[in-house]
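*Asks:* Residue numbers (this note's numbering), protein chains in the order written: chain W, 786 to 1116; chain R, 786 to 1116; chain B, 786 to 1116.
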Amino acid sequence: MKLKDLASRLDVHVIGNAETEVTGIASLRSAGPTDLVFIEEEKNLQLALQSKAAAVIVGKFRNIPSQSKPLLVSAQPRLAFARAASILFRNARPAVGIHESAVVHSSAQLGNNVHVAERAVIADSVELGESTSIGAGCVIGSDVMIGKNCQLYPNVTIYPGVRLGDRVIVHAGAVLGSDGFGYVRDKASGHYEKFPQVGRLEIEDDVEIGANSTVDRGALDVTRIRRGTKIDNLVHVGHNVQIGEDVVIAAQSGLSGSAVVEKDVIIGGQVGIADHVRIEEGAILGAQSGIPTKKVIRGKGIVFWGTPARPIRDYLKELAVLARLARTKKS
Amino acid sequence: MKLKDLASRLDVHVIGNAETEVTGIASLRSAGPTDLVFIEEEKNLQLALQSKAAAVIVGKFRNIPSQSKPLLVSAQPRLAFARAASILFRNARPAVGIHESAVVHSSAQLGNNVHVAERAVIADSVELGESTSIGAGCVIGSDVMIGKNCQLYPNVTIYPGVRLGDRVIVHAGAVLGSDGFGYVRDKASGHYEKFPQVGRLEIEDDVEIGANSTVDRGALDVTRIRRGTKIDNLVHVGHNVQIGEDVVIAAQSGLSGSAVVEKDVIIGGQVGIADHVRIEEGAILGAQSGIPTKKVIRGKGIVFWGTPARPIRDYLKELAVLARLARTKKS
Amino acid sequence: MKLKDLASRLDVHVIGNAETEVTGIASLRSAGPTDLVFIEEEKNLQLALQSKAAAVIVGKFRNIPSQSKPLLVSAQPRLAFARAASILFRNARPAVGIHESAVVHSSAQLGNNVHVAERAVIADSVELGESTSIGAGCVIGSDVMIGKNCQLYPNVTIYPGVRLGDRVIVHAGAVLGSDGFGYVRDKASGHYEKFPQVGRLEIEDDVEIGANSTVDRGALDVTRIRRGTKIDNLVHVGHNVQIGEDVVIAAQSGLSGSAVVEKDVIIGGQVGIADHVRIEEGAILGAQSGIPTKKVIRGKGIVFWGTPARPIRDYLKELAVLARLARTKKS
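1. First and last residue of the alpha helix (DSSP H) that includes S793 (chain B)?
2. Are the CB atoms of G962 (chain W) and L937 (chain W) nearer to each other than 8 angstroms?
3. Cβ of A1004 (chain W) within 8 angstroms of Cβ of H1021 (chain W)?
4. Taking 8 angstroms as the CB-CB cut-off, is N997 (chain B) touching chain R?
5. So does the segment 854-868 of chain R actually touch the segment 883-894 of chain R, counting three or more Cβ pairs closer than 8 angstroms?
6. Establish whether the CB of L1107 (chain R) and some CB of chain B are separated by less than 8 angstroms.
7. Taking a cut of 7 angstroms between CB atoms, which residues from the segment 898-910 of chain W lie near chain R?
8. Could you tell me how far apart the beta carbons of I1069 (chain R) and L1040 (chain R) are, in whole angstroms, since I believe they sit closer than 8 angstroms?
9. List the residues of chain R that Y977 (chain W) touches, going by C-beta distances under 9 angstroms, in chain order.
10. How would you list, in chain order, the residues of chain W whose beta-carbon sits under 7 angstroms from the beta-carbon of D928 (chain B)?
11. So which residues of chain R does E1103 (chain W) contact, with C-beta pairs closer than 7 angstroms?
12. Reducing DSSP to helix, strand and coil, say where Q1027 (chain B) ends up.
13. Keeping to the same chain, check which residues put their C-beta closer than 7 angstroms to that of E987 (chain R); ignore five residues upstream and five downstream.
14. Specify the secondary structure class of E827 (chain R) as computed by DSSP and reduced to three states.
15. Compare the Cα-Cα distances from G1013 (chain R) to each of W:G975, W:V992, W:D1017 and report the closest residue.
16. Does the beta-carbon distance from G1075 (chain B) to A803 (chain W) come in below 8 angstroms?
17. For chain W, find out if any of its Cβ atoms is closer than 8 angstroms to the Cβ of G1039 (chain B); answer yes or no.
18. Out of curiosity, what's the CA-to-CA distance linking I1097 (chain R) and K979 (chain W)?
19. Could you tell me if N1018 (chain W) is buried or exposed, where buried requires 16 or more neighbouring beta carbons within 10 angstroms of its beta carbon?
20. What's the C-alpha gap between V1056 (chain R) and I810 (chain R)?
21. Counting only C-beta atoms, is H1061 (chain R) closer than 8 angstroms to chain W at any point?
22. Which stretch, first to last residue, makes up the beta strand (DSSP E) that contains L1110 (chain B)?
23. Where do the N-terminal and C-terminal ends of the beta strand (DSSP E) with F1089 (chain W) fall, by residue?
24. So L791 (chain R) and A869 (chain R) are in contact, right, with Cβ under 8 angstroms, and what is the actual spacing, rounded?
25. According to a CB-to-CB cut-off of less than 8 angstroms, which residues of the segment 917-949 of chain B neighbour chain R?
26. From A957 (chain W) to T819 (chain B), what does the alpha carbon distance come to, in whole angstroms?
27. Cα-Cα, which of B:V960, B:R952, B:R1011, B:V953 is closest to V955 (chain W)?
28. Closer than 7 angstroms: is that where the CB of F874 (chain B) sits relative to any heavy atom of the ligand FAD?
29. Grouping DSSP H, G and I as helix and E and B as strand, with all else coil, what is Q861 (chain W)?
30. Would you kindly work out how many angstroms separate the C-alpha atoms of S891 (chain B) and D909 (chain B), rounded to a whole number?
31. What residue range does the beta strand (DSSP E) around G962 (chain B) cover?
32. Out of W:A880, W:E915, W:V841, W:D1031, state which residue places its alpha-carbon closest to the alpha-carbon of K972 (chain B).
33. For a quick check, are the C-beta atoms of I800 (chain R) and L856 (chain R) less than 8 angstroms apart?
34. May I have the straight-line CA-CA distance separating K789 (chain R) from Y977 (chain W), to the nearest angstrom?
35. How long is the line joining the alpha carbons of S888 (chain R) and F966 (chain R), rounded to whole angstroms?
36. Can you have a look at L832 (chain R) and say buried or exposed, based on whether 16 or more other CB atoms are within 10 angstroms of its CB?
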């Protein structure tokens, strides 16, 4: 692809030879002679120019030296780079069609350009939107509806009745719509009996779910993950949880039943959120922090840490006080 | 189903029109005109009566007003509701028979009404009890014995030789009988060599195991999970672990090798139990708590919290003392 | 197998009848009359001699009584036992050949004695080294290269382009090469867009990866796990992580993007390692400890604990000081 064409699609400005061909993206270290790279800080410009890359996406730097490589200038160079990657890789279209080893029920409705890979199972009454790709070994239960341009990697399991919006990405081994963890203990026998887990799971557009993560359906109502939320690997989302738009949840965090996470929240790795907790808009939960039952966490842009989670300033002060005390005591 | 028939199977009392038809269960919010709902607290009765539900399961409340809906009266309304759901859904029997895409070894023994779904693999010498259902894509290794009325959801893997009792439920992606984590370091080379992981895994009746959880076989002896224990998603159970009856383990908790968990223990989410720990009968471990190697936790009904876990009263006092100190120190 | 033959292969000394036949290994408790057992401490010798075992691997004990069973004497009895197990079980060779239900692309290159089990999918341009075994339901993406004598258990997913060395063991449900967790937030829309995750994953010889663990590919560069490292179940390894040789990582630990773990490090269960952390050679991280962003942990053989992790001595002192304070304060 010519740099000038890429620049026009990215709506950025070119300095230097706009006829340069780029075929891929890379890091400064790994770049080959037709790769595009990016830098965000002006101090890295020399490094970028010394790399083997064909061209560099840069920020609106003060001093652009007379340079040896063409530049693309963007107010958000990392974003422009991500979009450039997406444009360059879009040409490499995945396979289309139903592999002969897949098992697709006759009542399933498949849109145009759908791909169903080897050994995938599509149960009755499933609907797959156009250009959606179902990886090898996936099992899509009855009545599941999946929108357009979704990508399911291999060995994903979707329980019956789950709904996915458009452009949803689900990584290998993830399980969507499993039963929540709810039991009633019989006072007479002391045995636990299963509380019905018959609600729904709805995942909106542009959500991404990591490998081997699990998202439970509602018990009687609905578990919902709203548009644009990104979930890392091995995350657990319990029944009836409500996650707002543009939430980010790092690996191995867990959200217990009926937790509410409002939009723009950022959740670090291995965070534990108990049942009926509410994390309000824009709060940030540090890695491994824990939020006890029914707590409300409030504060746009405020970082919380520890178990039970408190504002990080307080937590760090506590740590410092404690360390000082331990040092001054005789051991 | 008529309310009077349901009431007789639940052994509860009906107030109002016992001829009312119910077809499903629901929450107050989502109930339709043929749904059954339940409430546990008398203060919610008006809300329930205002819902669209056909009938309400209630407790032995003091004041039952002259009402617009039939009621089922139970000493344990949540339990009655759970059982009602189980009765109503039992009519919706899952499929029976071996799907033509499944691979079933000729030496496998399948009971009556067994279901083996699409692309499941049943290896040699497997035994499946009557009315057991194996989900699509499951892989059941050689010599596995599974009892009656079990339900395995899709893409479960069971290693050779594992035993499951009756009515065991295993959710999608769970792995049962994998090798434990045991190595011997050669003092000469510094390399780790695999310690044999050739023991067994036995899971008793009425156990439920969550999506993507992993349970290792014994190294030389047996890992055992006793009757009625319920395990949530993404839980890890190491080799040689012994879990008693009616234990509840929430999501993402981990039990290291040779840990013993006695009956009626409740384990919150993300709890870490080190090797050779013993959790005695009826203890309760708060979410994210950690039990160091070889510790014994004792105390029926006592909640433990923190790492290392201590009685929650002590832990909360420590937190309060520390917070006070941090506030009074100059920052 | 005769004890004398086993002894010669283990390079250990026999006391007693070297013609004794052993067919398996066991614990003292479970040993049958043709089993081999081992003990490390001299005080357990009587117990071992009273077991039903055919023979006992022992250390270089001071007093070897005139005994009723043959002994194998080794400076490292546990290691000798592990190796004996490996020799005895090697005779039980796994199946060889391609199951008719597997889907193997015509461009895949399979070495001698490769086994591809039921319903496994081998995509185009895959290379499998000799005597490698691919479990039922595994999905091996395009261009994956797997070395010799590897064993993949069922339902493993390997994304395109991943490289595995020789003798690598991957347990059921593990996912290798999934996309890392990287997004760029568009300042204009507030939406997250996917940062390219197009790097590689390289896993060297003799690595073992536990059930349902996930290892992400590099974003632009490479994620690498070096020779001999052992990873337990449900572990998360993020993009661009570098793990050295002979590292041990217990269950449910997580390593965030670009973390570096040097050789001989030991990581307990549920440890959280933030992005760009460096754990230097031989450090030991206690279970559930947490290492904040960009920290360097240094100290061969030193145990670190807590979040943020500090030397365990300091941490224990802090805990003691705090407990004392809480006891002396009025509640």
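Cβ atoms here follow ideal geometry from the backbone N, Cα and C, with glycine treated the same way. Because the structure is a prediction, the values reported are computed rather than measured.
*Replies:* On the basis of the data shown:
1. 788-795
2. No, these two residues do not count as a Cβ contact at 8 angstroms.
3. For A1004 (chain W) and H1021 (chain W), no; Cβs fall outside 8 angstroms.
4. yes
5. no
6. yes
7. R904, V906
8. No, I1069 (chain R) and L1040 (chain R) are not in contact; Cβ-Cβ is about 16 angstroms, not under 8 angstroms.
9. D991, E993, G1013, T1014, K1015, D1031, V1033
10. In chain order: nothing, as chain W lies at least about 13 angstroms away.
11. L1107, A1108, A1111
12. Q1027 (chain B) falls in the strand class under three-state DSSP.
13. R948, V1007, R1009
14. helix
15. W:G975
16. no
17. yes
18. 29 angstroms
19. Sixteen is the threshold: when 16 or more other Cβ atoms of the shown chains lie within 10 Å of the Cβ of N1018 (chain W), as they do, the residue is buried.
20. Taking the straight line from one Cα to the other gives about 33 angstroms.
21. no
22. Where L1110 (chain B) is concerned, there is no enclosing beta strand (DSSP E), although the alpha helix (DSSP H) it sits in stretches over 1097-1113.
23. Where F1089 (chain W) is concerned, the enclosing beta strand (DSSP E) stretches over 1088-1090.
24. Sure, about 6 angstroms apart at Cβ, within 8 angstroms.
25. Of all residues in the segment 917-949 of chain B, G920, A921, G922, Y938, P939, N940 have a Cβ within less than 8 angstroms of some Cβ in chain R.
26. 44 angstroms
27. B:V960
28. Inclusion of the ligand FAD in the displayed structure is not the case, the ligand content being empty and no account of it being possible.
29. coil
30. In a straight line, the C-alpha of S891 (chain B) is about 7 angstroms away from that of D909 (chain B).
31. 960-963
32. W:D1031
33. yes
34. 26 angstroms
35. For the sequence presented, residue 888 (chain R) should be read as Val rather than Ser. Each residue's alpha carbon lies about 31 angstroms from the other.
36. exposed
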